[in-house]
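> Once you've had a glance at the structure underneath, I'll fire off some questions.
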Ligand code: CDT
């Protein structure tokens with residue numbers, strides 16, 4: 001029987017002027033709380049270390065290289081790795097990665113209780129746009145500052161549990177979940193930074209945005225019979241609001257823990273990973289029920305091709 005106390009460390013807004021060290025101090029305070037509650041694996045948000053800078057446009061992208069990490073762990077994050085190792089706690093968190101080859105990725109990692117990076121994932125589904133678009137209420141320039149990830153959705157067995165990573169917009173795409181589901185995933189950890197308003201539609205307010213977030217995570221968890229932890233960086237950041245709504249979801253698709261505020265906040269639940277087996281061996285027994293002969297379009301075609309009139 002594999003039971004584990006899992007946690008999500010929601011992080012309130014990080015302003016432009018905040019240093020990595022200040023952010024890591026907040027992360028460590030939540031890790032201390034998590035340890036007190038017996039958490040064995042803790043999930044932090046997407047781009048945990050910095051403000052969500054893709055809301056800002058700069059002509060010369062290199063001006064934003066200071067938001068990226070060239071190594072991990074590094075001087076600022078080493079104390080976090082050391083604290084987790086001291087607690088025997090695994091964790092995941094997102095940061096912006098600049099490779100030795102000069103490539104920029106929106107990245108997330110799983111760190112084992114021994115302090116080793118056992119899985120690295122680079123965000124696949126980059127939302128937004130690459131150029132300044134004045135018709136938008138705010139910019140979302142992920143396609144300007146990041147390359148689409150080159151890792152794909154791998155999983156790793158960590159602390160006896162099959163774990164996988166997705167980042168923010170990935171949670172809306174069933175393809176992300178199913179690729180991990182096909183590797184037997186039991187815990188999907190997701191970090192997100194989601195603006196509270198659709199930048200092309202004033203009508204899509206925060207309630208609808210939070211509903212779509214929760215719908216996506218609950219459906220992904222249910223359809224692949226896996227636990228999921230989805231954790232926000234949220235609240236006011238540099239004058240922009242991002243919704244909170246961090247949740248832990250069970251393999252039946254039910255929310256079993258939920259954040260109540262918009263600041264730094266810990267959510268905790270007990271996961272019984274044996275519960276993943278029921279769905280995986282019945283309604284979502286892929287071996288028994290999938291019909292891959294009918295799914296070809298999913299990988300052969302990207303956009304929609306409507307039939308002729
Ligand atoms: N960070 C991120 O991926 N945010 C997106 C916003 C979509 S609107 C351009 C999300 O899916 O939540």
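In UniProt numbering, the protein residues as written are 1 to 309.
Idealized CB from N, CA, C, for every residue including glycine.
Among 184, 5 and 43, which one has its Cα closest to the Cα of residue 37?
Here the question's residue 37 lines up with position 37 in the chain shown. Residue 37 has its Cα closest to that of 5, out of 184, 5 and 43.
> On the three-state DSSP scale, how would you describe residue 27?
Working through the chain shown from its first residue, we reach residue 27 at position 27. Residue 27 falls in the helix class under three-state DSSP.
> Take the Cβ of residue 236 as the centre, count every other Cβ of all protein chains shown within 10 Å, and call the residue buried at 16 or more, exposed below.
Indexing the chain shown from 1 puts residue 236 at position 236. That one is exposed.
> Just the Cα atoms here: how many angstroms apart are residue 106 and residue 232?
Position 106 of the chain shown, counting from 1, holds the residue named residue 106. Position 232 of the chain shown, counting from 1, holds the residue named residue 232. Looking at the two C-alpha atoms, the distance is approximately 15 Å.
> How is residue 170 classed by DSSP in three states: helix, strand or coil?
The residue labelled residue 170 in the question sits at position 170 within the chain shown. Helix at residue 170.
> Count Cβ pairs between the segment 135-152 and the segment 41-58 that sit closer than 8 Å; are there 3 or more?
Contact between the segment 135-152 and the segment 41-58 is present, because at least three Cβ pairs lie under 8 Å.
> So which residues touch the region around ligand 1, with touch meaning a C-beta under 5 Å from any heavy atom?
With the cut-off at 5 Å, the residues found are 127, 128, 140, 168, 169, 193 and 194.
> What are the start and end residues of each continuous beta strand (DSSP E) run of 3 or more residues lying completely inside the segment 236-276, in chain order?
The segment 236-276 contains these whole beta strand (DSSP E) runs: 240-242, 247-249, 255-258 and 265-272.
> Based on the DSSP output, what are the partners of residue 218 in its beta bridges?
Taking the first residue of the chain shown as 1, we reach residue 218 at position 218. In DSSP, residue 218 forms no bridge with anything.
> Please name the residue in 90, 94, 251 and 44 whose C-alpha comes closest to that of residue 111.
Translated into the one-based positions of the chain shown, residue 111 becomes position 111. Comparing Cα positions, the closest option is 90.
> Between the alpha carbons of residue 7 and residue 41, how many angstroms are there, rounded?
For the purposes of this step, residue 7 is identified with residue 7 of the chain shown, where counting begins at 1. For the purposes of this step, residue 41 is identified with residue 41 of the chain shown, where counting begins at 1. Taking the straight line joining both Cα atoms gives about 6 Å.
> In the DSSP assignment, what residue or residues form a beta bridge with residue 155?
Numbered from its first residue, the chain shown carries residue 155 at position 155. According to DSSP, which records beta bridges pairwise, residue 155 is partnered with 164.
> Pick helix, strand or coil for residue 69, following the three-state DSSP scheme.
Residue numbering aside, residue 69 sits at position 69 when the chain shown is read from its first letter. Reduced to three states, the DSSP call for residue 69 is strand.
> Would you call the segment 142-157 in contact with the segment 261-273, where contact means no fewer than 3 C-beta pairs closer than 8 Å?
No, the segment 142-157 is not in contact with the segment 261-273.
> So what's residue 89 in DSSP terms, helix, strand or just coil?
The residue given as residue 89 occupies position 89 in the chain shown. Coil, per DSSP.
> Looking at residue 200: is its Cβ nearer than 9 Å to the Cβ of residue 229?
Taking the first residue of the chain shown as position 1, residue 200 is located at position 200. Taking the first residue of the chain shown as position 1, residue 229 is located at position 229. The answer is no: Cβ separation not under 9 Å.
> Whole angstroms are fine: how far does the CA of residue 234 sit from the CA of residue 220?
Looking up residue 220 in the chain shown gives position 220. Looking up residue 234 in the chain shown gives position 234. Residue 220 and residue 234: Cα-Cα distance of roughly 22 Å.
> Quick check on the burial criterion: 16 or more other C-beta atoms within 10 angstroms. Buried or exposed for residue 137?
On the chain shown, position 137 is the one that residue 137 refers to. Counting Cβ neighbours within 10 Å, residue 137 comes out exposed, since fewer than 16 surround it.
> Could you check if residue 15 is buried or exposed, using at least 16 other CB atoms within 10 Å of its CB as the buried criterion?
Indexing the chain shown from 1 puts residue 15 at position 15. Residue 15 should be labelled exposed.
> Just how far apart, CA to CA, sit residue 48 and residue 309?
The residue labelled residue 48 in the question sits at position 48 within the chain shown. The residue labelled residue 309 in the question sits at position 309 within the chain shown. Approximately 49 Å between the Cα atoms of the pair.
> Indicate the three-state DSSP secondary structure (helix, strand or coil) for residue 104 in the structure shown.
Walking along the chain shown from the start, residue 104 turns up at place 104. Residue state, collapsed to three classes: strand.
> Which of helix, strand or coil does DSSP assign to residue 51?
On the chain shown, residue 51 is found 51 positions in, with the first residue counted as 1. Residue state, collapsed to three classes: coil.
> DSSP on residue 9, reduced to helix/strand/coil?
Here residue 9 corresponds to residue number 9 of the chain shown, with the count starting at 1. The answer is strand: DSSP assigns residue 9 an E or B state.
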